[in-house]
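A.B. asks: Quick note: to get the numbering used here, add 968 to the position in the sequence shown (first position is 1). Glycine included, each C-beta is placed from N, C-alpha and C at the ideal position. My structure is below; once you've seen it, I'll send some questions.
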Amino acid sequence: GQKLGGIPVLGSYDQLPELAKRHQIEKVIVAIPSLDPSEYERILKMCNQLGLKCYKMPKIESVVQGLHPQVGGFQKIDITDLLGRKEIQLDES
């Protein structure tokens, strides 16, 4: 067993349904900050189907710049991760 920030690494995407059931997993942490947005979407869909919360590790640059207080400061995957750009706010006035 590998560990990441004290959290055990149990397996890969393909193993997720089986691992979630066997280990009663509630949260998934994606440990590849530079992952392609389409891959984040695929993982997020799988997590939603399994009823799991999905988090990502921050980029090392964010930790170094003090945007995350610690390396283990995981953040929820949001729309900007899937879009690959900042979210656009529509002017509905």
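1) Measuring alpha carbon to alpha carbon, tell me which of Leu-1018, Met-1014 and Glu-1009 ends up nearest Gln-992.
2) Would the beta-carbon of Ile-1011 fall within 8 Å of that of Tyr-981?
3) Return the Cβ separation of Lys-989 and Tyr-1023 in integer angstroms, given the expectation that the two are a contact with Cβ distance under 8 Å.
4) Let's test the definition: count the other Cβ atoms within 10 Å of the Cβ of Val-998 and tell me whether it reaches 16, buried, or not, exposed.
C.D. replies: This is what the structure holds:
1) Along the sequence shown, one-based indexing puts residue 992 at 24. When only C-alpha atoms are compared, the closest one is Leu-1018.
2) For the purposes of this step, residue 1011 is taken as residue 43 along the sequence shown, with counting starting at 1. For the purposes of this step, residue 981 is taken as residue 13 along the sequence shown, with counting starting at 1. In this structure, Tyr-981 lies closer than 8 Å to Ile-1011 by Cβ.
3) Taking the first residue of the sequence shown as 1, we reach residue 989 at position 21. Taking the first residue of the sequence shown as 1, we reach residue 1023 at position 55. Lys-989 to Tyr-1023, Cβ: 20 Å. No contact.
4) Taking the first residue of the sequence shown as 1, we reach residue 998 at position 30. Counting Cβ neighbours within 10 Å, Val-998 comes out buried, since at least 16 surround it.
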